[in-house]
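Student: Submitted below is the structure of interest, expressed as structure tokens.
2 protein chains.
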Amino acid sequence: MSIQARRERERVGRERLIIRAARELAEAEGWEAVTTRRLAERVEYSQPVLYSHFKGKDAIMAAVAVEGFADLAAEMRAARTSASDPEQALADVAAAYAMFAERRPALYDAMFNQAVSLPFATPEAPAALHAGFDELRQVLRPIAGNDNEDVLAEVLWSGLHGLVTLMRGGRLPREQHEQRLALLLRRFAGPTG
Amino acid sequence: MSIQARRERERVGRERLIIRAARELAEAEGWEAVTTRRLAERVEYSQPVLYSHFKGKDAIMAAVAVEGFADLAAEMRAARTSASDPEQALADVAAAYAMFAERRPALYDAMFNQAVSLPFATPEAPAALHAGFDELRQVLRPIAGNDNEDVLAEVLWSGLHGLVTLMRGGRLPREQHEQRLALLLRRFAGPTG
DNA sequence: CTCCAGTATCTAGCGCCGCTAGAGATTGAG
DNA sequence: CTCAATCTCTAGCGGCGCTAGATACTGGAG
Chain A
140 MSIQARRERE RVGRERLIIR AARELAEAEG WEAVTTRRLA ERVEYSQPVL
190 YSHFKGKDAI MAAVAVEGFA DLAAEMRAAR TSASDPEQAL ADVAAAYAMF
240 AERRPALYDA MFNQAVSLPF ATPEAPAALH AGFDELRQVL RPIAGNDNED
290 VLAEVLWSGL HGLVTLMRGG RLPREQHEQR LALLLRRFAG PTG
Chain B
140 MSIQARRERE RVGRERLIIR AARELAEAEG WEAVTTRRLA ERVEYSQPVL
190 YSHFKGKDAI MAAVAVEGFA DLAAEMRAAR TSASDPEQAL ADVAAAYAMF
240 AERRPALYDA MFNQAVSLPF ATPEAPAALH AGFDELRQVL RPIAGNDNED
290 VLAEVLWSGL HGLVTLMRGG RLPREQHEQR LALLLRRFAG PTG
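Those sequence lines, one after another, are chains A and B. In this text, residue positions in the first sequence follow my numbering: the first is 140, and each later residue adds one. In this text, residue positions in the second sequence follow my numbering: the first is 140, and each later residue adds one.
Take a look at the structure:
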């Protein structure tokens, strides 16, 4: 009984090790540098071991992405709860989102540009994902007006996502980032009309 | 003299052929299906010929992307010039942008998700790129208010880009797309506050 | 204590990728 | 007709994700 328990514990530990190694390697050198061979070498197991834990490389990326969603949700929550008033909360949460994308580009990539196999806009989506979306919804509640909160949150999310991905891809100059973010929020938080 | 001219003509023709084949293959099966081997087979030349025209696969994708920018700019221009009033023009251009991304996902990918080697927010950027950005700027002019037109255009572009990429990646449900687009424009075009 | 079954892990290899070196064919000038 | 320059091809390199089959190991039964 306890033998199987120990094995299971070891198994879980190794799985965590793989996810951590993948995340570190991706953050250090980008996802194109994360190959199953390098990953196996890093965790000091042979390549096929990875496939006894994950269906393939995509599944490993998805696991890293789930971690990322939890981190992002936590950072947005911290920004929201420590703000002095609702307007400031919106600005802080948006800034936290942008900074997250900036500081953890590989993680952000896994979450939003790759790993399509995760369920997203459904109840089956990972809890961390719902948590992150909830942060957006809560910070928007005071300015929702007559608009549906969910749709409003989706649109704000889109705006932030567009800003950070276009900037990261070199499509937008970094210099005006703050200006763009401020303008988005100003137009967004303004009177509904 | 005319011999070299003919050779140059053939060279240009073959280059166009390669770009067209790459685009067709990408639109039919996605970029991951566009391999140098398949591409070479399709244009009925050997693989190394591709490398006498383009530095690598990325350069081929960049060439396809430039074509895409021209197409997108033309579609936005058509939408803008055939609209009855400024507000309608904004809505039509935004819809045209979203429809382009929806109808030509592979092209959109090459333009905005990959091929980082193109110059973007600089004078050296391809003319088609400037043309597209100009469409956004022009359609926004009537509602710019005190905001900088360039920054405003960048933010609208970000919003649209976010909407279409998140939807295409399965992060946003397709059903509310129209609603989201309308909300973005409403908040965006509303009084500056 | 021995043996065996079942599990865990590894070595080796498949078919593919982007890319390139060097051979061979082709071409136009003298 | 010859030759040098140019163009194009065949063949191959190292690396990719992934997997089949061999091998080592472990814990329980007799």
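For every residue, glycine included, the Cβ atom is placed at its ideal position computed from N, Cα and C. Every value quoted in this text rests on a predicted model; they were computed, and no experiment measured them.
(1) Here's the rule: buried if 16 or more other CB atoms are within 10 angstroms of the residue's CB, otherwise exposed. What is residue 250/A?
(2) Rounded to whole angstroms, what is the Cα-Cα separation between residue 155/A and residue 258/B?
(3) Quick one: give me the first and last residue of the alpha helix (DSSP H) that residue 338/B is part of.
(4) I'd like the list of long-range same chain contacts for residue 319/B, defined as Cβ closer than 8 Å, with 5 residues on each side in sequence excluded.
(5) Am I right that residue 271/A and residue 215/A are in contact with their C-beta atoms under 8 Å? What's the rounded C-beta distance?
(6) Starting from residue 313/B and walking both ways along the alpha helix (DSSP H), at which residues does that stretch end?
(7) When you compare only the Cα positions, how much space is there between residue 166/A and residue 300/A?
(8) Can you name, in chain order, every residue of its own chain whose Cβ lies under 7 Å from the Cβ of residue 186/A, other than the five neighbours on each side?
(9) Can you tell which of 248/B, 202/B and 308/B has the C-alpha that lies nearest to the C-alpha of residue 308/A?
(10) In terms of residue numbering, what span does the alpha helix (DSSP H) encompassing residue 208/A cover?
(11) Which residues of the stretch 254-271 of chain B have a Cβ closer than 7 Å to any Cβ of chain A? Give them in chain order.
(12) Please classify residue 150/B: is it buried, with 16 or more other beta-carbons within 10 angstroms of its beta-carbon, or exposed?
(13) Can you name, in chain order, every residue of its own chain whose Cβ lies under 7 Å from the Cβ of residue 306/B, other than the five neighbours on each side?
(14) For residue 255/A, count the other beta carbons within 10 Å of its own beta carbon; 16 or more makes it buried, fewer makes it exposed. Which is it?
(15) Could you spell out where the alpha helix (DSSP H) holding residue 301/A opens and where it closes?
(16) On a CA-only basis, which of 261/A, 266/A, 190/A and 196/A is nearest residue 210/A? Give me that one, please.
(17) Would you identify the three-state DSSP class for residue 239/B, choosing helix, strand or coil?
Tutor: On the basis of the coordinates in this document:
(1) It is buried - the Cβ of residue 250/A has at least 16 other Cβ atoms within 10 Å.
(2) 40 Å
(3) Any question about residue 338/B goes unanswered here, given that chain B covers just 140 to 332.
(4) 302 and 311
(5) Contact between residue 271/A and residue 215/A is confirmed by a C-beta separation of about 6 Å, below the 8 Å threshold.
(6) Unbroken run through residue 313/B: none, as it is neither H nor E.
(7) 19 Å
(8) 175, 176 and 179
(9) It is 248/B.
(10) 196-220
(11) 255, 259 and 260
(12) exposed
(13) 313 and 316
(14) exposed
(15) For residue 301/A, the uninterrupted alpha helix (DSSP H) run begins and ends at 288-307, by DSSP.
(16) 266/A
(17) helix
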